[in-house]
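The block underneath contains the structure these notes are about, expressed in structure tokens.
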Amino acid sequence: MNAGQIPLFGGPPAQEPPPPEPSAPQPAAALTPEPTPEPGRAPESALPVAELNERVRRLVEGAVGWLWVGGEISNWRPHRSGHCYFSLRDDTAQISCVIWRSDLSRLPAHPEEGMKVAAFGQPTVYGARGSYQLVVRELRAEGEGLWRLAFEKLRAKLAAEGLLDPKRKRALPRVPGRIGIVTSRSGAALRDVLTVVRRRAPWARLLISDCRVQGTGAGASIAAAVDRLVRHGGCDVLILTRGGGSVEDLWAFNEEVVARAIASCPIPTVSAVGHEIDITIADLVADVRAATPSAAGETVVPDTDVLLGELRARAGTLIDKLRRRTRRGRERARIAAGGLDTGVHGALRQRRDRTARASGRLDALSPLGTLARGYAVPLDEEARVKRNIGMFDIGEVFNLRVVDGRLRCRTESKQASHE
């Protein structure tokens, strides 16, 4: 398969274009070794080994160029230098391969032994040892092999830490006043969210934290955008979103740094990445997953008309309750007033009866009562009662108290009673 053919499992490298095509191979005459010397005669000049290897390298690279090679991974060996050495094999042959550190860092995960892959690279000769190998720039597994492998490894790791536990999920605020949006300012996803939120809840305030959503460094950019809103936004809810794309396009939302930023966020989060069929690690860690950016807008804010209808219904219910309570209060007051009236009258009657009885007893003991029955009380000048005949002197003047006044009297004579 040459560089112009369709690759085995996909197109050209997604992150970087392939390197420029090598220069055309040298003319045959230039690559033809020196004529074989006759037996027994020493060659006039011997070709150094390094020159031979260099000629072979140019011949191989010029003749084959960059291409996709399909096979199974064998003997994958990461080196401390950051490069990785391995073999590609099929049923009848194998080739040694190397992938440099800079290209290896773009892989979502290291392949597993026996995994079927397509490697984009260039055959060459390693001059120091004269060994033939394939220098690989990109590695793709069948379907979503490497991406799926990386996804499942991270999901298992986060699940073991409890970050995917449904019990961690928080409810979204019913009527958020301040909404943070983590996305690219130039993306269609932002326009979709803004359109929906402004239509449904024009009173809501929106804060946009711009970030990269694709390519190298996008994961760290998304995490930093979340942190900005946490520290300075004062938001009630956050939306992390971007539009659809390939697995590679959406991969930033499958990075561990994004998952941990969402998990540690104190604000309820909504993840809306790609289309309905796209599931990312961000979707699994967030409190709520929305199928699309537009669905995220519908999820975080209620429709104003629906909200007003609910408020009217609640106001009517509240008025009805107040009316019922007022009626019950009036009835209780009426019953209490009826009972109070009866009780007051009864208490007054009882008090009048007690007063009358006490008055009768008081009259019976009062001197005035005695006087009213025709008796009189003699008093000296100091209003002391003169009780017996011995207290009166002949010619003495004294007062006589009768029921309706006093009389001045003088003792003319006195006679003791023998009764």
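Numbering (the working numbering), first residue to last: 1 to 419.
We put the beta carbon where it would ideally sit given N, CA and C, even for glycine.
The beta carbons of residue 107 and residue 254 sit about 13 angstroms from each other, so the pair does not count as a contact at 8 angstroms.
Residue 379 has 385 and 399 as its beta-bridge partners, per DSSP. Residue 390 sits exposed, since fewer than 16 C-beta atoms from the chains shown fall within 10 Å of its C-beta. The C-alpha of residue 337 is placed about 18 angstroms away from the C-alpha of residue 349.
Counting along the chain, the unbroken beta strand (DSSP E) around residue 73 starts and ends at 67-78.
In the DSSP annotation of this structure, the continuous segment of the alpha helix (DSSP H) that includes residue 262 starts and ends at 256-263.
For residue 206, the closest alpha carbon among the candidates 409, 194 and 375 is that of 194. For residue 102, the uninterrupted alpha helix (DSSP H) segment begins and ends at 101-104. Out of 282, 162, 136 and 145, the CA that lies nearest to the CA of residue 213 is found in 282. Residue range 218-232 is occupied by the alpha helix (DSSP H) that includes residue 221, with no beta strand (DSSP E) assigned at that position.
The bridge partners DSSP lists for residue 171 come to none.
In the DSSP assignment, residue 156 falls within the unbroken alpha helix (DSSP H) covering 145-160. Apart from sequence neighbours up to five positions away, the residues of its chain that approach residue 275 with a beta-carbon distance below 7 angstroms are 244 and 292, ordered along the chain. Nearest C-alpha to residue 62 among 122, 333, 354 and 377: 122. The Cβ atoms of residue 298 and residue 286 do not sit closer than 9 angstroms to each other.
Around the beta carbon of residue 305, fewer than 16 other beta carbons sit within 10 angstroms, so the residue counts as exposed.
Collapsing the DSSP output to three states places residue 301 in coil. Going by DSSP, residue 125 is part of the beta strand (DSSP E) stretching over 116-126. In the DSSP annotation of this structure, the continuous segment of the beta strand (DSSP E) that includes residue 180 starts and ends at 178-183.
The continuous alpha helix (DSSP H) containing residue 54 extends over residues 49-64.
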